[in-house]
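Trainee:
There are 2 protein chains.
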Amino acid sequence: MRLKRNSSSEPSDSAPASLGTGVRDERKQRTRKALLDAALTLLDGERSFSSLSLREVAKVAGVVPAAFYRHFTGMDELGMSLVDDSFRTLHDMMRVARSAPLPPANLIARSVETFLRYAQAHRLHFQFIAKERVSGSSSVRLAIRKELRLWTSELAADLAAFPKLKGFNGDDLRMMAGLVVNAMMGATELILDADLNDAAELGRIHALAQKQLMLIFLGASQWKSKPAQ
Amino acid sequence: MRLKRNSSSEPSDSAPASLGTGVRDERKQRTRKALLDAALTLLDGERSFSSLSLREVAKVAGVVPAAFYRHFTGMDELGMSLVDDSFRTLHDMMRVARSAPLPPANLIARSVETFLRYAQAHRLHFQFIAKERVSGSSSVRLAIRKELRLWTSELAADLAAFPKLKGFNGDDLRMMAGLVVNAMMGATELILDADLNDAAELGRIHALAQKQLMLIFLGASQWKSKPAQ
DNA sequence: GTTAATAGTGAACATATGTGCACTATAAGC
DNA sequence: GCTTATAGTGCACATATGTTCACTATTAAC
């Protein structure tokens, strides 16, 4: 053998990155994505990740089982990749939301709207998070919990900017953010199970989530954290 | 054949019920319970219900796979039985709580304490509910959702008795009850994943849940439902 | 005591699964 | 253009699975 090519799957160091890394890598990334998409698709509806088989995923991806190992060491590694991808879409949403902040009028209602619409549009990713947060293998489950904690902290930081929430110390802000995250996850689960064409049901879920957030914020406006500790 | 015996597994009609239905039925109920327990045990930790195999459950129950069919038509039916059993323990808790009502002082803190202790003591049932509520087969999942809705309505009825919550109409009471249930389920999931010997962590989870409920009730004390609708 | 019902057994089957290995085709590197 | 690396193939294997069927032992019914 002459020389080992750079074994990393990343485009080699200083290359312009967007310029073609060759037909080869592009094809590889395509079937890698096919595998991830296959898993997400199979996960829709009844199935849970731990009940998916490697062969099944490979078949839906249109690839022979052995080819799976060219991309992942096993289903667990694929699961971790799904965690990454799913939270990337969540963080994308937050980034967009922060870059074009909503006017304070009806802020809660419109935030709920934005979030739930996004969850519907990225149904598979949100479904994966919702399911595997509680039932996945411990590596996947812990990875999701970690990301959710991180997201909760970010939300707490955002909340700190509200003048009405001056009564909160850091711990209590996270406590409140956790409550908000729980409520939104609950609404997300309802949305994911709802009939997408039943506008009335979707409306009811949106309204429910909005009221719940308003109730939380109403309580928060009266909250006084213990100054010590 | 002479005469078919009453084919139902129930003791025949007007018998005193508590009197021995015979050695036979007792043995049958024993292995039926062994199957249910086997499934719950396997469900602890990593696994999800949909990843359990019939053979696996039979093996842990100490019975040959074919014997499984003497009790359930398949794993789905066993799952439905687990739903029944799990919610029976939940309702038992509520019944006990109502029969010996707590004094109003520190009511929230002590209710949280009671609930979370119960969840720890009946770890496997609560874990099953928490997991399969979101990831189970649709029959199991829908059965759990239905029971949770029912439980939410019961809680809403209990809440209606509080003088501080006069500002609520029925819909909004259920909205608030849903928020409480979500928060308690969230805390339950944390408890189920926590190290049972780590008293500090358990204490933190209890304290978190208590604060979240207090925040909700603080908001509720200011709430005014729209009188119309 | 004889007979019928049945909970649990053991073996068999067709099929599905994870993983290994030799292979082929093709793009990348020189 | 020749050579090397490698994404994907095809086949094999041991093992696990759901389900069936004839059977056995024990209880219930008369």
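Chains A and B supply the protein sequences, listed in that same order. Heads up: the first sequence begins at 1 in the numbering used here, then just goes up one per residue. Heads up: the second sequence begins at 1001 in the numbering used here, then just goes up one per residue. Every residue, glycine too, gets a C-beta built ideally from N, C-alpha and C.
By the 8 Å beta-carbon criterion, what residues does the region 1167-1181 of chain B contribute toward chain A?
Mentor: Here the close residues are 1172, 1175, 1176, 1178, 1179.
Trainee: Decide yes or no for the touch test of the region 1056-1075 of chain B against the region 1036-1043 of chain B: beta carbon pairs closer than 8 Å, at least 3 of them.
Mentor: At 8 Å Cβ cutoff, the stretches touch.
Trainee: Tell me which same chain residues have a C-beta within less than 7 Å of the C-beta of residue 115(A), skipping the five on either side of it?
Mentor: Excluding residues within five positions, the ones whose Cβ falls inside 7 Å are 184.
Trainee: Have a look at residue 1015(B) and residue 1022(B) and give me their C-alpha separation to the nearest angstrom.
Mentor: For residue 1015(B), the pLDDT reaches just 35, beneath the cut-off of 50, and the residue's location in the model is therefore unreliable, although a value from the coordinates is still provided. Straight-line Cα distance between these residues: approximately 12 Å.
Trainee: Relative to chain B, which residues along the region 200-226 of chain A have a C-beta separation below 7 Å, given in chain order?
Mentor: Per Cβ criterion, the list reads 208, 211, 212, 215, 216, 218, 219, 220, 222, 223.
Trainee: Could you give the distance in angstroms between the alpha-carbon of residue 211(A) and the alpha-carbon of residue 1175(B)?
Mentor: Taking the straight line joining both Cα atoms gives about 7 Å.
Trainee: With DSSP collapsed to three states, give me the class of residue 1100(B).
Mentor: Residue 1100(B) falls in the coil class under three-state DSSP.
Trainee: Which two residues bound the contiguous alpha helix (DSSP H) that contains residue 188(A)?
Mentor: Here the alpha helix (DSSP H) through residue 188(A) covers 170-193.
Trainee: Between the region 181-200 of chain A and the region 87-97 of chain A, can you find at least three pairs of beta-carbon atoms closer than 8 Å?
Mentor: Output reads no: the region 181-200 of chain A does not touch the region 87-97 of chain A.
Trainee: Do residue 1181(B) and residue 1143(B) have their beta-carbon atoms positioned less than 8 Å apart in this structure?
Mentor: No, the Cβ-Cβ distance between residue 1143(B) and residue 1181(B) is not below 8 Å.
Trainee: Could you check what DSSP says for residue 121(A) in three-state terms: helix, strand or coil?
Mentor: In this structure, residue 121(A) counts as helix in the three-state DSSP scheme.
Trainee: Mind the definition here: the region 201-209 of chain A touches the region 131-149 of chain A only if three or more C-beta pairs lie below 8 Å; say whether that holds.
Mentor: Touching, no.
Trainee: Counting only C-beta atoms, is residue 27(A) closer than 8 Å to chain B at any point?
Mentor: No, no contact with chain B.
Trainee: What would DSSP say about residue 221(A), mapped onto helix, strand or coil?
Mentor: Residue 221(A): helix per DSSP, three-state reduction.
Trainee: Measure from the alpha carbon of residue 178(A) to the alpha carbon of each residue in 1073(B), 1216(B), 1074(B), then state which is nearest.
Mentor: Comparing Cα positions, the closest option is 1216(B).
Trainee: Among 1027(B), 1026(B), 1160(B), 1046(B), which has the Cα closest to the Cα of residue 135(A)?
Mentor: The shortest C-alpha separation from residue 135(A) is found at 1046(B).
Trainee: Ends of the alpha helix (DSSP H) at residue 1230(B)?
Mentor: Limits of chain B in this structure are 1001 at one end and 1229 at the other, which puts residue 1230(B) out of reach.
Trainee: Within its chain, find whatever has a CB closer than 8 Å to the CB of residue 138(A); leave out the 5 residues flanking it on each side and keep chain order.
Mentor: Hits under 8 Å: none found.
Trainee: Compute the Euclidean distance between the alpha carbons of residue 133(A) and residue 28(A), then round it to the nearest angstrom.
Mentor: Using only the alpha carbons, I get a separation of about 29 Å.
Trainee: Identify, in the order they occur along the chain, each residue of the same chain with its Cβ nearer than 6 Å to the Cβ of residue 1068(B), setting aside the five sequence neighbours on each side.
Mentor: Cβ neighbours of residue 1068(B) beyond the five flanking positions: 1054, 1058.
Trainee: Look up residue 1131(B) in the DSSP assignment and say whether it is helix, strand or coil.
Mentor: In this structure, residue 1131(B) counts as helix in the three-state DSSP scheme.
Trainee: Less than 8 Å between the C-beta atoms of residue 1034(B) and residue 1064(B), yes or no?
Mentor: No, they are not a contact pair.
Trainee: Just to confirm, is the Cβ distance from residue 1081(B) to residue 51(A) under 8 Å?
Mentor: No, the pair does not count as a contact, with Cβ atoms beyond the cut-off.
Trainee: Would you mind telling me which residues of chain B sit closer than 9 Å to residue 183(A), beta carbon to beta carbon, in chain order?
Mentor: Per Cβ cutoff of 9 Å: 1178, 1179, 1182, 1183.
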